[in-house]
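*Asks:*
Protein chains: 2
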Amino acid sequence: MELLKEVPLFSNLSEDQLERIGRLLFSKKYLKGEVIFSPNEKAEFFFILKRGKVKVFKTLNGKEQIIKVFEKPALFGEAASFTGSCFPAWAEAIEDSEVLLVSRKSFLNLLKEEPELGMNLMAVMAQRLFYLTTLVENLSLKSALSKLSSYILSKLEGEEEINFSTSLAAMELGLTKETVSRTLSKLKALGVIEKKKSKIRVKNRKALQELSC
Amino acid sequence: MELLKEVPLFSNLSEDQLERIGRLLFSKKYLKGEVIFSPNEKAEFFFILKRGKVKVFKTLNGKEQIIKVFEKPALFGEAASFTGSCFPAWAEAIEDSEVLLVSRKSFLNLLKEEPELGMNLMAVMAQRLFYLTTLVENLSLKSALSKLSSYILSKLEGEEEINFSTSLAAMELGLTKETVSRTLSKLKALGVIEKKKSKIRVKNRKALQELSC
DNA sequence: CGCATAGTTGAGCTATTTCAACATCAGTGG
DNA sequence: CCACTGATGTTGAAATAGCTCAACTATGCG
Chain X
394 MELLKEVPLF SNLSEDQLER IGRLLFSKKY LKGEVIFSPN EKAEFFFILK RGKVKVFKTL
454 NGKEQIIKVF EKPALFGEAA SFTGSCFPAW AEAIEDSEVL LVSRKSFLNL LKEEPELGMN
514 LMAVMAQRLF YLTTLVENLS LKSALSKLSS YILSKLEGEE EINFSTSLAA MELGLTKETV
574 SRTLSKLKAL GVIEKKKSKI RVKNRKALQE LSC
Chain B
394 MELLKEVPLF SNLSEDQLER IGRLLFSKKY LKGEVIFSPN EKAEFFFILK RGKVKVFKTL
454 NGKEQIIKVF EKPALFGEAA SFTGSCFPAW AEAIEDSEVL LVSRKSFLNL LKEEPELGMN
514 LMAVMAQRLF YLTTLVENLS LKSALSKLSS YILSKLEGEE EINFSTSLAA MELGLTKETV
574 SRTLSKLKAL GVIEKKKSKI RVKNRKALQE LSC
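Chains as they are written, first to last, in our numbering: chain X, 394 to 606; chain B, 394 to 606.
#1: What does S407/X reach in chain B if we use C-beta pairs closer than 7 Å?
#2: Just the C-alpha distance for E491/B and K498/B, rounded to the nearest angstrom, thanks.
#3: Going by other Cβ atoms of all chains shown within 10 Å of its Cβ, with 16 needed for buried, is N531/B buried or exposed?
#4: Anything in the region 534-555 of chain B with a Cβ closer than 8 Å to a Cβ of chain X? List those residues in chain order, please.
#5: Quick one, which residues of the region 477-506 of chain X are near chain B if we go by CB-CB under 8 Å, in chain order?
#6: Which residues of the region 562-583 of chain X have a Cβ closer than 9 Å to any Cβ of chain B? Give them in chain order.
#7: How would you call F501/X, buried or exposed, if buried means at least 16 neighbouring beta carbons within 10 angstroms?
#8: Tell me which residue opens and which closes the beta strand (DSSP E) that I593/X is part of.
#9: Please identify, using Cβ separations under 7 Å, the residues of the region 432-450 of chain B that lie next to chain X, in order along the chain.
#10: Looking at the structure shown, is K490/B part of a helix, part of a strand, or coil, going by DSSP?
#11: Going along chain X in order, which residues have a C-beta closer than 7 Å to the C-beta of K456/B?
#12: Are the beta-carbon atoms belonging to K535/X and L525/B less than 8 Å from one another?
#13: So, for R594/B: in the same chain, excluding its five sequence neighbours on each side, which residues have a beta-carbon less than 7 Å away from its beta-carbon?
#14: So with Cβ pairs under 8 Å, would you call P466/B a contact of chain X?
#15: For L442/B, write down the residues that DSSP places opposite it in a beta bridge.
#16: What's the C-alpha gap between E457/X and K451/X?
#17: Strictly below 9 Å CB to CB, what residues from chain B border L522/X?
#18: Is the beta carbon of A600/X less than 8 Å from the beta carbon of L577/X?
#19: For S420/B, report the span of its beta strand (DSSP E) as first-last.
#20: Does the beta carbon of I460/B come closer than 8 Å to any beta carbon on chain X?
#21: For a contact defined as C-beta to C-beta under 7 Å, what are the partners of V530/B on chain X?
#22: Could you work out which residues of chain B lie near P401/X, taking near to mean beta carbons separated by less than 8 Å?
#23: Here's the rule: buried if 16 or more other CB atoms are within 10 angstroms of the residue's CB, otherwise exposed. What is V495/X?
#24: What do you get for R521/B, buried or exposed, if any count of 16 or more other CB atoms within 10 angstroms of its CB means buried?
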């Protein structure tokens, strides 16, 4: 249960409190491609990602828009679980994953007794709102080149190399894989990045930053 | 302070609690076109809309995407104010408006003492997340015709007539006013709606629903 | 009434999508 | 270790939805 400490929602709680939370959860495994939740499904649980990678996305007429890809110690589905409404989107494992489930009811009980937890949850939700706001900005206001540039920058985190999947990026950026592929070639031609296999190396971060607006 | 009861955040609080909140706020007026907050401004307050109409929006390279238009008894800026970060977007009065300001600090204090208030705030934020999720879906996955159809439907609320501004709709839907105007003509030609001055009357709601996907 | 703002319409343009063919890669089992 | 297979990525050509620019019209406000 060391994992819990890494999750922002629980980070500053006492051992005691973590202990209580630990008793509420159980683990579940999903293979790559398996659906974790779907819209029109009542949110009786929320999820803590223990291992693997999960995409949360919307679909319409065979098209797909990823809302967010979750990795490592992250939680998702918490907002819907809080209100007890239906999930607003799909969640699917894009790698073999392991997930901890927390039942809505027991979490709500805990929430009444631990005001700190409430503050944490609000912080998490505020962060989500912020993220979604910039997602809207990126989707609606930027060109393919800017989208891709800021996407790469956002994955860098100090490193100069990232893992990159053309079709995953496409579904996150609201573009087709063809457009992403072509735009990537443009960035290569500009000498801004290098590509080898499924990795991208950024050669000129400054240029990328300029392109990302 | 009857207004406060109408705001979801405070709806189920006692007179006493409302009294305390009432003491925290002060009123401010904004003329049409005035900026209420801007990005890179620390969120020291959040806002309760008392009268008028406010748009919260992002801009990039002279383009503008409205995140949400607020009316009547609504609050906005609460997430940024909770975390104390910068506002993620602009807010501007699009009608002469009156707004109540609540300071971040005093609200956080209150939040510690009134767990109910925290629960309410979480509910509000969860609703916002849900809204933004469907906004992403609408922006990214729908055609102009579908966007406009679902937009009109969402404003109906049981009525069969709505106020409609072409350019406001355009900025909400991520389209140009020209496209909205043309698409509206298409809906007229299909016999789905009628237009007179700045009002739209829906003649065939079912057809509109089918077009909205 | 006149002016500014908002909406309409047309013509041409362009970024992105679509469709199709091909290339590359990763993983599997022989 | 290699050959096969399905998934993923690339490239080209054509189609298209929506944008831009420009001119014009309607609307509402002082």
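Yeah, the Cβ is synthetic: ideal placement off N, Cα and C, and Gly gets one too.
*Replies:* According to the structure shown:
#1: Result: empty, since nearest Cβ-Cβ is about 18 Å, beyond 7 Å.
#2: 22 Å
#3: buried
#4: L534, K535
#5: S478, P481, A482, L504, K505
#6: G567
#7: The sequence shown places Leu at residue 501/X, rather than the Phe named in the question. L501/X comes out exposed.
#8: 592-595
#9: none
#10: The displayed chain sequence assigns Ser, not Lys, to residue 490/B. The answer is strand: DSSP assigns S490/B an E or B state.
#11: L534
#12: no
#13: E553, E554, I586, E587
#14: no
#15: A467/B, V492/B
#16: 6 Å
#17: A472, A473, P481, M518, R521, L522, L525
#18: no
#19: 418-423
#20: yes
#21: Residue identity check: residue 530/B is Glu in the sequence provided, not Val. Going along chain X in sequence order, the residues near E530/B (Cβ under 7 Å) are K451, L453, Q458.
#22: Those within 8 Å of P401/X in chain B number zero; the least Cβ separation is about 12 Å.
#23: buried
#24: buried
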